[in-house]
Amino acid sequence: MKLYNGGKIITGLVIFLGIFLAPLAYNAGKAAYTQPKLKMPENEKECIESKEFMRTKHMQLLDQWRDWALRGEGQRFYVNSKGKQFEMSLQKTCMKCHTNKAEFCDKCHNDASVTPYCWDCHIQPEGLKK
Amino acid sequence: MKAIYSLILVLALVVIATLGAGAAKMQTIFAYCVPGTAFAIFVIGFVAKVIGWAKRPVPFRIPTTGGQQQSLDWIVQNKWDNPSTGPQTAMRMLLEVLTFRSLFRNTKVLLKHDDGKNPIVAYVSAKWLWLFALLFHYSFLVIVVRHMRLFLQPVPQFIVAVEFVDSVLQIYTPIVYQTNLLILAGAGFLLARRLLDAKLRYISLVNDYFPLILILSIALSGMYMRYIAKVDVMAIKDVVMGLTTFKFKAVPASIDVSFFVHISLVSTLLAYFPFSKLMHFGGVFLSPTRNLPNDTRMHHHENPWNNPDIKPHSYEAYEDEFREPMFEAGLPLEKTPEEAA
Chain A
1 MKLYNGGKII TGLVIFLGIF LAPLAYNAGK AAYTQPKLKM PENEKECIES KEFMRTKHMQ
61 LLDQWRDWAL RGEGQRFYVN SKGKQFEMSL QKTCMKCHTN KAEFCDKCHN DASVTPYCWD
121 CHIQPEGLKK
Chain B
1 MKAIYSLILV LALVVIATLG AGAAKMQTIF AYCVPGTAFA IFVIGFVAKV IGWAKRPVPF
61 RIPTTGGQQQ SLDWIVQNKW DNPSTGPQTA MRMLLEVLTF RSLFRNTKVL LKHDDGKNPI
121 VAYVSAKWLW LFALLFHYSF LVIVVRHMRL FLQPVPQFIV AVEFVDSVLQ IYTPIVYQTN
181 LLILAGAGFL LARRLLDAKL RYISLVNDYF PLILILSIAL SGMYMRYIAK VDVMAIKDVV
241 MGLTTFKFKA VPASIDVSFF VHISLVSTLL AYFPFSKLMH FGGVFLSPTR NLPNDTRMHH
301 HENPWNNPDI KPHSYEAYED EFREPMFEAG LPLEKTPEEA A
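Protein chains in written order, with this note's numbering: chain A, 1 to 130; chain B, 1 to 341.
Here it is as structure tokens:
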């Protein structure tokens with residue numbers, strides 16, 4: 001087997017393999033990935049909506065809360081699927097139980113490389129400073 | 001019709017993934033086996049294809065490229081269009097690969113009329129293909145790079161930065177990535193020009209439509225996951241990390257079926273890649289009109305096909321061989337038989 005311009009072409013292929021196999025090399029030797037363990041509130045067992053809903057749609061809920069409370073008719077109370085009423089407030093409602101941002105919000109957001117802009121306006125809670 | 005065949009093929013893939021991972025409960029196969037195999041086919045197929053190309057000899061240089069070649073000192077050479085040295089050729093390759101200069105030269109034929117209403121064939125510049133091809137390719141690149149957030153742990157700062165720039169407009173929740181819209185515009189245009197331009201439609205084949213529709217479906221299924229289904233990203237990272245660390249676990253039940261559709265379409269693209277026109281990804285680097293310097297007047301290029309047993313045969317030797325018959329036929333000779341004797 002003879003390759004023409006073999007040196008250059010093999011160099012190119014090595015670069016190709018280097019780039020495409022980099023994720024495998026980056027993770028090589030590391031322990032199996034597990035989803036982060038969140039620090040759950042101690043005195044409250046149920047969130048505003050179901051765990052499944054909060055897992056995938058909390059950003060949508062927060063977005064709606066902001067719009068309803070600040071950009072709509074100043075509606076400040078949210079009635080959940082069970083008929084229970086909550087004040088629409090990130091700091092007074094959500095952060096009352098989930099007190100520590102670093103132990104709760106950031107855990108998943110860091111792993112999923114999500115940077116929500118909540119804290120552009122809200123006062124940064126204690127957990128962020130750690 | 002060919003576009004419809006391609007559409008049906010892609011829809012069939014969607015149905016297979018939906019039924020397979022949804023109704024038939026074969027999540028493990030669709031989450032691990034299919035993408036793993038497809039990636040192996042992609043990498044091995046890609047390398048094999050390029051090695052196959054490397055075995056093909058290049059019979060001669062192809063110097064007929066745009067721009068003034070290197071000539072007399074007082075004639076300005078167009079170094080990037082008609083390079084004569086290695087670095088100049090590297091510059092031409094770089095510009096071709098990164099900015100698609102060949103597409104920038106795209107022209108369109110028009111039939112115009114002069115004042116006397118006589119028809120004139122005109123060639124005018126057509127930059128749309130270049131613009132949308134750039135949008136499409138760079139969006140695709142950014143999308144692949146930012147998907148690495150699901151493949152790497154911890155997520156490198158570079159990936160976070162790409163994410164930030166791509167979602168910098170902060171529109172909608174979850175935030176819309178600009179590249180999502182740009183890739184739809186880019187691929188949409190590339191598909192529309194094949195469908196709407198009669199000349200292009202005539203030369204378009206299933207293997208032109210299929211990758212376009214496949215990539216559009218991948219983009220749409222990804223956007224569906226993010227903006228409509230709002231899939232459980234952490235569970236998906238769990239599965240994807242299982243793939244990249246080879247530590248497979250049971251697929252979490254919370255993963256929406258749209259993830260399996262998306263990953264099946266991507267797997268199809270990966271497995272199809274080495275056997276399709278998409279190999280221009282590797283092929284652009286081996287384009288003879290782009291990567292060969294125009295140095296035919298400086299270096300002798302030996303055609304690798306030449307049979308070494310066939311020796312050069314000069315005119316003098318030819319005349320020596322046929323002098324008598326040529327003389328009898330009255331053909332002009334360098335040396336007459338008397339002079340040669």
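Don't be surprised by glycine CBs; every beta carbon is placed ideally from N, CA and C.
Worksheet entry | Min CB distance lysine 130(A) to chain B below 8 Å | Annotation note: pLDDT 47 at lysine 130(A) (below 50); position unreliable, coordinate value reported separately. Answer no: the Cβ-Cβ gap between lysine 130(A) and chain B never drops below 8 Å.
Item to complete: Taking only beta-carbon positions, decide if proline 304(B) is within less than 8 Å of chain A.
Response: With 8 Å as the cut-off, proline 304(B) counts as an interface residue toward chain A.
Worksheet item: Can you tell me whether leucine 342(B) is buried or exposed, with buried defined as 16 or more other CB within 10 angstroms of its CB?
Response: Residue numbering for chain B in the displayed model covers 1 to 341; residue 342(B) lies beyond these limits and cannot be assessed.
Fill in: Other residues of its chain near lysine 2(A): CB distance less than 6 Å, five sequence neighbours each side excluded
No residues qualify anywhere along the chain.
Discussion item. Along the chain, where does the alpha helix (DSSP H) containing histidine 58(A) start, and where does it finish?
Written reply: According to the DSSP assignment, histidine 58(A) belongs to the alpha helix (DSSP H) that extends over 51-66.
Practice prompt. Look at valine 124(B) and leucine 111(B) and say whether their C-beta atoms are less than 8 Å apart.
Written response: No.
Item to complete: Grab the span of the alpha helix (DSSP H) containing glutamate 338(B) for me, first residue to last.
Response: Membership of glutamate 338(B) in the alpha helix (DSSP H) is indicated by the continuous run 337-340.
Worksheet item: Are any of the Cβ atoms in chain B nearer than 8 Å to that of methionine 54(A)?
Response: So no, methionine 54(A) is outside the interface.
Worksheet item: With respect to the beta strand (DSSP E) encompassing glutamate 87(A), which residues constitute its N-terminal and C-terminal limits?
Response: Unbroken beta strand (DSSP E) run through glutamate 87(A): 85-87.
Worksheet item: Using 8 Å as the limit for Cβ to Cβ distance, is lysine 277(B) near chain A?
Response: Answer no: the Cβ-Cβ gap between lysine 277(B) and chain A never drops below 8 Å.
Fill in: Per-residue DSSP class, three states only, for lysine 230(B)
Coil at lysine 230(B), not helix or strand.
Worksheet entry | Burial state of cysteine 94(A) (16 or more Cβ within 10 Å) | Answer is buried; the Cβ neighbour count reaches 16.
Practice prompt. Measure how close the beta-carbons of glutamate 44(A) and cysteine 97(A) come, nearest whole angstrom, since I'm counting them as under 8 Å.
Written response: The beta carbons of glutamate 44(A) and cysteine 97(A) sit about 5 Å from each other, so the pair counts as a contact at 8 Å.
Worksheet entry | Below-8 Å beta-carbon distance, cysteine 121(A) vs any chain B residue | No, cysteine 121(A) lies away from the interface with chain B (no Cβ there is under 8 Å from its Cβ).
Practice prompt. Compare the C-alpha of leucine 122(A) against each of Lys92(A), Leu13(A), Gln75(A) and name the closest.
Written response: A small fix is needed here, since residue 122(A) is histidine in this sequence, not leucine. Nearest C-alpha to histidine 122(A): Lys92(A).
Discussion item. Please tell me whether leucine 139(B) and threonine 99(B) are closer than 8 Å, where the distance is taken between their beta carbons.
Written reply: One point to set straight first is that residue 139(B) is serine, not leucine, in the sequence displayed. No, the Cβ-Cβ distance between serine 139(B) and threonine 99(B) is not below 8 Å.
Item to complete: Find out if the Cβ-Cβ distance for the pair leucine 129(B), leucine 103(B) is shorter than 8 Å.
Response: Yes, these two residues count as a Cβ contact at 8 Å.
Worksheet item: Quick one, which residues of the segment 41-75 of chain B are near chain A if we go by CB-CB under 9 Å, in chain order?
Response: Under the 9 Å Cβ criterion, the segment 41-75 of chain B contributes Phe42, Val43, Phe46, Val47, Val50, Ile51, Trp53, Ala54, Lys55, Arg56, Pro57, Val58.
Worksheet item: Which bits of chain B does asparagine 5(A) rub up against, with CB to CB less than 9 Å?
Response: Simply Ala54, Val58, Leu286, Asn291.
Worksheet item: Are the Cβ atoms of alanine 31(B) and valine 251(B) separated by less than 8 Å?
Response: The criterion of a C-beta distance shorter than 8 Å is satisfied by alanine 31(B) and valine 251(B).
Discussion item. Against leucine 17(A), what residues of chain B qualify as contacts under a CB-to-CB distance less than 8 Å, listed in chain order?
Written reply: By Cβ distance, chain B contributes Val43, Val47.
Worksheet item: Going by the beta-carbon positions, is the gap between asparagine 294(B) and threonine 28(B) smaller than 8 Å?
Response: In this structure, the beta-carbon distance from asparagine 294(B) to threonine 28(B) does not fall below 8 Å.
Discussion item. If I measure Cβ to Cβ from lysine 130(A) and keep anything under 7 Å in the same chain, skipping five residues before and after, which residues do I get?
Written reply: The predicted position of lysine 130(A) is uncertain, since its pLDDT is 47 and thus under 50; no value can be drawn from it.
Item to complete: Return the first residue and the last residue of the beta strand (DSSP E) that lysine 2(B) is part of.
Response: Where lysine 2(B) is concerned, there is no enclosing beta strand (DSSP E), although the alpha helix (DSSP H) it sits in stretches over 2-17.
Worksheet entry | Inter-residue Cα distance where the pair is methionine 59(A) and methionine 234(B) | Taking the straight line from one Cα to the other gives about 14 Å.
Fill in: 8 Å Cβ cutoff met for threonine 244(B) and proline 23(A)
Against a cut-off of 8 Å, the Cβ pair of proline 23(A) and threonine 244(B) comes out as a contact.
Discussion item. Can you check which of these residues, Asn110(A), Met88(A), Trp65(A), is closest to lysine 237(B) by C-alpha distance?
Written reply: When Asn110(A), Met88(A), Trp65(A) are compared, the shortest CA-CA separation from lysine 237(B) is found for Asn110(A).
Worksheet entry | Run of the beta strand (DSSP E) containing tyrosine 78(A), from where it starts to where it stops | Its beta strand (DSSP E) spans residues 77-79.
Worksheet item: Measuring CB to CB, does isoleucine 213(B) end up less than 8 Å from leucine 191(B)?
Response: Contact: yes.
Item to complete: Step through the CB atoms of chain A and report whether any lies within less than 8 Å of the CB of methionine 148(B).
Response: Put simply, the CB of methionine 148(B) is near chain A, with a gap under 8 Å to one of its CB atoms.
Worksheet entry | Contact between the segment 80-98 of chain B and the segment 301-315 of chain B (3+ Cβ pairs under 8 Å) | Segments in contact, no.
Fill in: Other residues of its chain near aspartate 232(B): CB distance less than 8 Å, five sequence neighbours each side excluded
Correct list, in chain order: Pro252, Ser254, Ile255, Asp256.
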